[in-house]
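Residue numbers (my numbering): 457 to 696.
The structure under discussion appears below in the form of structure tokens.
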Ligand SMILES: Nc1ncnc2c1ncn2[C@@H]1O[C@H](COP(=O)(O)OP(=O)(O)OP(=O)(O)O)[C@@H](O)[C@H]1O
Ligand SMILES: [Mg+2]
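Shown next, in the form of structure tokens:
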């Protein structure tokens, strides 16, 4: 069973600039956290540190009451957190193979891999793209394939770096819907985005990254709407 992961005294320095100096930050199971902040404030840097992909100068990681320096927690972070880049990397092969990739790296039998991949592609309503070369997909399609590829390995935390940036309205809508469905299934999600209003209905906490530290933003008492079975997107809310 997954537990909370807490990061304390996170420091990242580039040259003579202290980019991050975060006292404490916890990600809890089943929650959706939004991190916003100006361009260059350090959001991507923080998400990569959290995912075990970028070494900070300092950071202590605590899970199940065990505290470790980042270097010793790195492999745990890499296995529990899946980081999705804004323009996800696609292997030069079919969508099916791209989604199967994570499972094929495990000992799951081939027949089960095939079944699971089809199941996930249908879940994401991407089955029509299955034979297409993933490198030739649009940005929105890529993002949805990447979300499906992440879901299939069932990480504890999904770390999404600007998942809807530079997308047209239709792609944003489809990506939002997928994130909302992942969250309603209990997936823990951290999103970095400038688009605070767009994600307002699905987030539990909002932090603003400023001067290297995270400031908690009051999101009021409004109830998250994702718990209802209906998928409500910002477009629908605004009656567009
Ligand atoms: N390897 C590096 N060496 C030096 N500086 C770097 C390096 N990587 C990132 N930076 C700098 O760190 C700062 C934070 O970068 P980061 O990509 O984390 O910002 P961000 O908040 O994600 O920005 P954006 O909203 O544009 O995505 C930027 O000023 C960037 O130029
Ligand atoms: Mg960034």
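Yeah, the Cβ is synthetic: ideal placement off N, Cα and C, and Gly gets one too.
**Study point:** Range covered by the alpha helix (DSSP H) that runs through residue 539
**Key:** In the chain shown, residue 539 corresponds to position 83, counting from 1. It is not in any alpha helix (DSSP H) - residue 539 instead sits in the beta strand (DSSP E) that spans 537 to 540.
Review point. So what does residue 491 bridge to, in DSSP terms?
Key: Mapped onto the chain shown, residue 491 falls at position 35. 648, 663.
Practice item. Give the range of the beta strand (DSSP E) segment to which residue 669 is assigned. Key: For the purposes of this step, residue 669 is taken as residue 213 along the chain shown, with counting starting at 1. Its beta strand (DSSP E) spans residues 669 to 673.
Review point. In whole angstroms, what is the alpha-carbon distance linking residue 690 and residue 603?
Key: As a first step, residue 690 must be located in the chain shown, where it is residue number 234. As a first step, residue 603 must be located in the chain shown, where it is residue number 147. A caution first: residue 690 carries a pLDDT of 45, below 50, which makes its placement in the model too unreliable to give a value.
Exercise for review: Count the other C-beta atoms from every protein chain shown that fall within 10 angstroms of the C-beta of residue 653, then say buried if there are 16 or more, exposed otherwise.
Suggested key: Stepping through the chain shown from its first residue, residue 653 is reached at position 197. Answer is exposed; the Cβ neighbour count stays below 16.
Check your understanding: Taking buried to mean at least 16 other C-beta atoms within 10 Å of its own C-beta, is residue 600 buried or exposed?
Key -> Translated into the one-based positions of the chain shown, residue 600 becomes position 144. Label assigned to residue 600: buried.
Review point. What are the boundary residues of the alpha helix (DSSP H) that residue 500 is part of?
Key: Taking the first residue of the chain shown as position 1, residue 500 is located at position 44. Note, residue 500: alpha helix (DSSP H), 499 to 506.
Exercise for review: Sort out for me which residues DSSP pairs residue 483 with in a bridge.
Suggested key: Taking the chain shown and counting its residues from 1, the one referred to as residue 483 is at position 27. Note: residue 483 is bridge-paired with 461 in the DSSP secondary-structure output.
Point to revise | residue 740 - DSSP class collapsed to helix/strand/coil | key: Coverage of the chain is limited to positions 457 through 696, which leaves residue 740 absent and any answer about it impossible.
Review point. Relative to ligand 1, what is the chain-ordered list of residues with a Cβ closer than 6 Å to any of its non-hydrogen atoms?
Key: 470, 475, 493, 495, 496, 497, 498, 499, 500, 501
**Study point:** Backbone CA spacing between residue 579 and residue 472 [nearest angstrom]
**Key:** If you number the chain shown from 1, residue 579 lands on position 123. If you number the chain shown from 1, residue 472 lands on position 16. When rounded, the distance between both Cα atoms is 47 Å.
Review point. Quick one, are the C-beta atoms of residue 546 and residue 590 less than 9 Å apart?
Key: Within the chain shown, residue 546 is the residue found at index 90, counting from 1. Within the chain shown, residue 590 is the residue found at index 134, counting from 1. Yes, they are a contact pair.
Check your understanding: Can you tell me whether DSSP reads residue 618 as helix, strand or coil?
Key -> Position 162 of the chain shown, counted from the start, is the residue given in the question as residue 618. Three-state result, residue 618: coil.
Review point. DSSP on residue 478, reduced to helix/strand/coil?
Key: Here residue 478 refers to the residue found at position 22 of the chain shown. Three-state result, residue 478: strand.
Check your understanding: On the three-pair Cβ rule with 8 Å, is the segment 606 to 621 touching the segment 641 to 651?
Key -> A contact exists between the segment 606 to 621 and the segment 641 to 651.
**Study point:** Whether residue 478 touches residue 668 by CB criterion (9 Å)
**Key:** Residue numbering aside, residue 478 sits at position 22 when the chain shown is read from its first letter. Residue numbering aside, residue 668 sits at position 212 when the chain shown is read from its first letter. Closer than 9 Å, so yes.
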